[in-house]
Structure formats: structure tokens, C-alpha cells
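Residue numbers (full-length UniProt numbering): 1 to 294.
Backbone N, C-alpha and C define an ideal beta-carbon position, used for all residues, glycine too.
The structure under discussion appears below in the form of C-alpha cells.
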């Protein structure tokens with residue numbers, strides 16, 4: 001529910017936060033409200049589906065859970081039809097507000113079921129799914145998401161749950177799902193404690209490695225740390241690509257299996273989470289590379 005004042009309206013009795021793209025389940029919820037003697041008021045926050053996808057990808061990196069493009073397409077693409085059916089059943093006993101935030105700088109609040117047409121502007125299920133599919137493919141190609149995020153966005157099972165190594169163990173999740181090492185079993189999950197220094201790491205064969213010194217200062221590198229040595233850190237940015245950094249470039253400690261975002265920050269170090277520990281303070285005119293868990 002959208003709250004401008006930071007608190008519920010005085011006449012609000014109960015708040016349900018969730019999707020209403022399924023007419024049958026939504027009708028049952030609204031009927032319960034009416035049976036209790038209240039009026040139901042639906043508020044829809046209407047954002048661009050690409051923004052919704054980006055938010056779920058960010059949540060995947062931060063919390064380990066996201067949402068597939070099929071789910072997003074279903075929630076957004078099938079909502080208008082469900083609302084039209086609800087309006088035809090409940091009439092004046094059901095209110096609708098649409099908060100259009102596609103332009104984040106200029107949100108617009110609309111009242112009434114005639115504004116369902118605004119919700120249709122993002123397209124139907126098939127159209128939205130195609131758009132999001134293309135966005136996910138583009139983000140993986142440019143190294144903005146790793147294979148883990150890519151697979152969850154497409155609704156695919158994690159690699160460690162769909163294959164075993166030659167010894168019959170799960171593929172190692174903590175080393176970019178290394179296929180070449182058949183000796184390991186298990187793996188570390190997202191944002192776990194750093195592995196032991198004595199743990200032997202391996203780089204997937206055929207990985208295309210780019211040196212960080214060849215990148216432009218405004219390039220943001222996002223991916224998973226797959227190898228850490230005394231002097232270098234290797235970050236896998238996609239299924240086939242990785243970027244190698246010198247430890248001297250980094251503003252914090254990293255460990256294998258950690259999801260990170262690396263970018264140049266002028267004049268000062270920026271830490272977006274408490275996990276990025278500052279180890280170097282640049283000079284007045286220097287540029288340092290900031291580390292943030294993603």
C-alpha cells in the first residue's frame with residue numbers, strides 16, 4: 001500500500017500486500033472483506049517491467065531470492081483482465097487507485113477502474129515475457145549479471161541441482177559451478193563466510209579473461225569472485241567471461257564465492273554495504289576502485 005504520511009489511513013482495518021492477477025483467488029479475498037462489513041480498496045503501483053526485473057535481480061544478489069520473468073509477466077500482464085472481472089462482479093463496493101511510477105521523478109495517482117487502460121500499456125503476458133527475456137540476455141552478455149542470476153530469472157534450476165560430477169557429488173556452487181574439478185562436493189552459498197585459505201581454487205577452462213587495466217574508469221563490473229591469490233582477484237561476470245584485478249586496486253577484502261560490484265569512485269571510497277571493508281585511502285586526485293556486495 002502506498003502511504004504518503006508514513007502511516008495507515010484511520011479507516012483502514014487490514015492490508016493485504018500481494019498480486020491480484022488471478023481473478024478467482026482475488027475474488028475470494030475481496031468477498032471476505034465485504035462479508036466482514038468493509039469496503040475493499042485496491043491500490044496498484046504501476047512500474048515499468050524492466051524496473052521490476054532489476055529490483056528482483058538486486059534482491060537475488062542481496063538476499064539470495066529473486067523472481068522469474070514468467071512470474072513478473074504473469075503478475076503485470078494478467079492484472080488488467082483480473083481487475084476488469086473484479087469490477088464487473090463487485091461494482092461500487094470495490095475501489096481502485098493506480099499509482100503510475102513509470103516516470104520515477106513524476107509519479108501520478110489515478111482513481112477509478114477506467115484507469116485499467118494505463119495498466120495495459122506494459123503489454124500482455126507474452127509481450128512482457130519477450131521484453132524481459134531480451135533484457136536478461138543483454139545483461140548477461142554485458143556481464144551485469146552472473147549465471148546464478150540468469151538462471152533464476154529464467155526460472156531454471158540452479159546448476160548444482162541439475163548435475164553431478166564424476167564422483168557423484170553435486171557441482172561446486174562456490175566456485176562458479178566449476179565443471180573441471182571432480183573431487184569436490186558441496187559448495188558455499190551466497191554471502192557465506194570466507195573459505196579457508198588452504199582451499200584449492202580452480203578457474204573454469206576456456207574462460208575469457210580481461211585485465212582490469214584495459215577497462216574504462218566508468219565501467220561497472222558485477223559478478224562472482226572465483227579465484228583469490230596473494231596479488232590478484234578474478235571475478236566471473238558471465239558464463240564465458242571474467243575480469244582480473246590486482247588486489248592493490250581494491251578498497252576492501254574479498255573472498256571466493258562472494259558476489260561483488262566493482263567500479264571506480266573519484267576522490268573517495270564508497271561502501272554500499274557493511275561487508276566492504278576499507279583497506280586503502282586514495283590521495284586527493286587519485287581514483288580507487290570501490291567494492292560492494294551485490
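| query | result |
| --- | --- |
| Coil, strand or helix - residue 145 by DSSP | coil |
| Whole-Å CB distance - residue 146 paired with residue 21, under 8 angstroms assumed | Not a contact, Cβ separation roughly 29 angstroms. |
| Selection from 30, 254, 121 and 95 that minimises the alpha carbon distance to residue 102 | 121 |
| Counted within 10 angstroms of its Cβ, other Cβ atoms place residue 259 as buried (16 or more) or exposed | buried |
| Straight-line gap, residue 219 to residue 54 (C-alpha atoms, nearest Å) | 18 angstroms |
| Validate contact between the stretch 90-97 and the stretch 31-45 using beta carbons, cut 8 angstroms, 3 pairs | yes |
| Own chain, CB closer than 6 angstroms to residue 208, minus 5 neighbours either side, in chain order | 240 and 241 |
| Counted within 10 angstroms of its Cβ, other Cβ atoms place residue 13 as buried (16 or more) or exposed | exposed |
| Where residue 211 sits in the DSSP three-state scheme | strand |
| Opening and closing residue of the beta strand (DSSP E) in which residue 23 lies | Taken as a continuous stretch (DSSP letters only), residue 23 belongs to no beta strand (DSSP E), being part of the alpha helix (DSSP H) at 23-35. |
| Unbroken stretches of the alpha helix (DSSP H), 4 residues or longer, contained in the UniProt domain "Zeta toxin" (15-106) | 23-35, 49-63, 69-77 and 79-90 |
| Residue 109 - partner residues in DSSP beta bridges | 99 |
| C-beta contact flag for residue 69 and residue 149 at 8 angstroms | no |
| Residue 132 (DSSP reduced to helix, strand or coil) | helix |
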